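Here is the structure we will look at.
In this note's numbering, the protein residues as written are 41 to 175.
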């Protein structure tokens, strides 16, 4: 049985696949741009002239980059038996929603969607083993 755990945030996904007692760890980086608004004209008057930072283009680009990120993760876990998704922030929830929306066969294999802190690779492996009670 292929038990799989995915810890993910916006920067990377750690995929742990445990099959017949053997653990495999794969890392996928997201390549999502980090938006830092800058610019604007300085003025010494409160409420003076300012440049408006157009972040709608950035948000749209980020949405497409997230979709690509999720697609690359989904392609890595095509032939699994059970899946748990976990991570900090809300990227793990969005990935779960993406699986339910666009990857129905994978979404039926989800056994849990959990919040978790940032972890080292060994902590991620241990977390997945504990979740599937493989110790």
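Note that CB positions come from ideal geometry on N, CA and C, so glycine has one too.
From a predicted model like this one, the values you see are computed outputs, not experimental measurements.
In this structure, DSSP gives residue 126 an extended state, which the three-state scheme calls strand.
Taking the C-beta atoms as reference points, residue 69 is found no nearer than 8 Å to residue 55.
Of 163, 42, 51, the smallest CA-CA separation from residue 130 is found for 51.
With fewer than 16 other Cβ atoms from the protein chains shown falling within 10 Å of its own Cβ, residue 59 counts as exposed.
When the five nearest sequence neighbours on each side are left out, no beta carbon in the same chain lies closer than 8 Å to the beta carbon of residue 103.
Taking a 10 Å sphere around the C-beta of residue 115, we find fewer than 16 other C-beta atoms and assign the residue as exposed.
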